[in-house]
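Scroll down for the structure; my scribbles are underneath it.
Residue numbers (this note's numbering): 2 to 672.
Below is the structure:
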């Protein structure tokens, strides 16, 4: 699978870079910085394709005919302007080496998503917990838009999914066009998203610093903070515990964590940064630039499609902070007035492209708002004094501990530690607003969800900008050191590679040893897991794409641990491999992504299915599964109590396959 991920990542990078290069040239953004725009081109190309195809798919019909038509149009467009794809002047060996290192870093970052086949079993890392949303990818490929939930069905039909689905719709296109599984497409797009994020950060660090070496510093920061962050989580440094234990703002994680677990938010935040940069260009130039306005609008809509928090909320906070600054800057007011027609046109186009998607979200929203305003719950009882304390704690303890040096260095630059050349000042100012406004909002807006997903999701763009600013600060510091001490030209590269390698060995010795030795535990459980994967190939061979399949909904995250005394289940294998809907896969995911669904009804169904799979089958249960839930196929493993009574469902289901690790039941009328 990893080979397929590598090939798909390179293919996506090539195609979207070509499209991005042409769009950049057609918008007149040639400039004198070919490397800067080259590094932005994958994000711009992917976002333009996503925004366009989703808008057309929502408006008309999202499926293979539309995607084939769009693909043909893309090929014609690239052939028509093929001269715009190349860059002026060849890249140096050093530049090529750094770009290849960035590609390698993105691919290695994705490696934890790849299942490891070892010792007769299959093993998954913890991030797979969030990537069972690959079931969403398969669902969109099967059913089109609006998306249907892969986690829950009612009366034989999957219920509507409540989620910002743009990133997963883009992954579904890989399945529709190339026939690959949603899991493989999800992993490949995760690698591509990580690649675009690193390239984007490096591009803006280079632009603001004027030195290409800052791209290397960006990669250095991206890599170096992960082992340190993991060391904190693993209690490698006990002296940090008092600080961490007093945190009351949960959910702020490092960038590599977010790239692996929630790439949709990283992609959306990256697009927000590009759009803010394009907005700075539009305002600086004043006059109407239709192509540039259209490009910014499509990219803004694409960011909305992929994340409400990292996209829509970040834009809203940036706009509010910009309005707050207007009374204090006559030059900014004058520039905005000159560019008002362009800004209004961009806003109108973005709204037109997003209105159907926004209506979909609002019409299927939960009964109670997921956002809470005011003092964070830990400080509710203390009034103003506690609010002040909590706010100071967020900015002086939580964020420094969670984000480390990029918070300290990035905030120093955001608060005015460095100056920029005149042509970049508006861009730098806009990036500072986009950095600070979401961070400030996290002090008094939070989420009803236990991980405070408002805070860390809405500040995703802020985190990327902190990396950019810290890389610029590192470059300026290196220049000052080089001016005093004569350093070899390759000293920075040697420093980066040496310190990065040492940090992984020092801060993550057990993890490095585990990766190198391929040692795993609990093989008796993971052999059953491997069998569960094979079962779904048989299920797909005996069912139609719109049929519902079922496995034990109890236990989800536990299967990723090494304990042997838990009641394991295999429902997450269904989401990764089945490419079929289900009456219920997991209680948390079913509720989280269909929040409008009746909670009592959901819990009752969950209880009934848990009882049946535990082996406590009663009269009428087979009819309940076949008629009320309209289940076409059932997969049972030795980890289920139902395994020990093969004939318990015989009234309505027949065993069509039985192996050491799984048994498949098919509804009799399906035979």
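From the three backbone atoms N, C-alpha and C, an ideal C-beta is built for every residue, glycine too.
Other residues of its chain near residue i: CB distance less than 8 Å, five sequence neighbours each side excluded
i	result
residue 464	256, 259, 270, 404, 407
residue 223	106, 199, 202, 256, 257, 468
residue 72	178
residue 49	20, 21, 24, 296, 299, 300, 303
residue 437	322, 415, 463
residue 476	206, 210, 212, 214, 215, 218
Residue i, DSSP secondary structure in three states
i	result
residue 268	helix
residue 119	strand
residue 574	helix
residue 566	Reliability fails at residue 566, whose pLDDT of 39 lies under 50, so the model's placement of it is uncertain and the value that follows must be treated cautiously. The answer is coil: DSSP assigns residue 566 none of H, G, I, E or B.
residue 86	coil
residue 658	strand
residue 555	coil
residue 597	coil
residue 136	helix
residue 192	helix
residue 124	strand
residue 93	coil
residue 623	helix
residue 489	coil
residue 330	coil
residue 130	helix
Cβ shell of residue i (< 6 Å), same chain only, five flanking positions each side left out
i	result
residue 365	161, 163, 597
residue 622	613
residue 301	276, 351
residue 310	458, 459
residue 627	653, 668
residue 606	585
One or two residues paired with residue i in a DSSP bridge
i	result
residue 637	664
residue 549	582
Residue range of the alpha helix (DSSP H) that includes residue i
i	result
residue 158	Residue 158 -> not in any alpha helix (DSSP H); beta strand (DSSP E) instead, spanning 158–161.
residue 152	Not the alpha helix (DSSP H): residue 152 falls in the beta strand (DSSP E), residues 149–155.
residue 365	No alpha helix (DSSP H) holds residue 365; DSSP gives it neither H nor E.
residue 397	Here residue 397 belongs to no alpha helix (DSSP H), and DSSP marks it neither H nor E.
residue 321	315–326
residue 179	167–179
residue 295	291–307
residue 587	Where residue 587 is concerned, there is no enclosing alpha helix (DSSP H), given that its DSSP letter is neither H nor E.
residue 628	Neither: residue 628 is in no alpha helix (DSSP H) and is coded neither H nor E.
residue 544	Here residue 544 belongs to no alpha helix (DSSP H), and DSSP marks it neither H nor E.
residue 35	35–60
residue 615	Where residue 615 is concerned, there is no enclosing alpha helix (DSSP H), given that its DSSP letter is neither H nor E.
residue 21	3–27
residue 213	Residue 213 -> no alpha helix (DSSP H), and no H or E assigned at all.
residue 431	426–442
residue 74	65–81
residue 411	406–415
residue 456	454–459
residue 644	No alpha helix (DSSP H) holds residue 644; DSSP gives it neither H nor E.
Element boundaries [beta strand (DSSP E), containing residue i]
i	result
residue 447	446–448
residue 372	372–374
Among the options, nearest to residue i - alpha-carbon criterion
i	options	result
residue 434	420, 577, 425, 415	415
residue 441	346, 294, 217, 395	395
residue 265	418, 138, 474, 112	138
residue 342	294, 658, 425	294
residue 64	98, 309, 179, 545	179
residue 109	618, 284, 261	261
residue 696	458, 498, 388	What the structure shows of the chain is the stretch from 2 to 672, and residue 696 is not part of that stretch, so it cannot be assessed.
residue 491	217, 148, 67, 314	217
residue 35	483, 205, 324, 457	205
residue 18	548, 45, 321	45
residue 268	254, 305, 288	305
residue 432	504, 185, 318	318
residue 532	636, 477, 86	636
residue 30	131, 292, 213	292
Close beta carbons around residue i, own chain, < 7 Å, minus the five adjacent residues each side
i	result
residue 449	371, 373
residue 333	326, 327
residue 576	133, 135, 136, 151, 586
residue 460	439, 440, 443
residue 534	123, 574, 578
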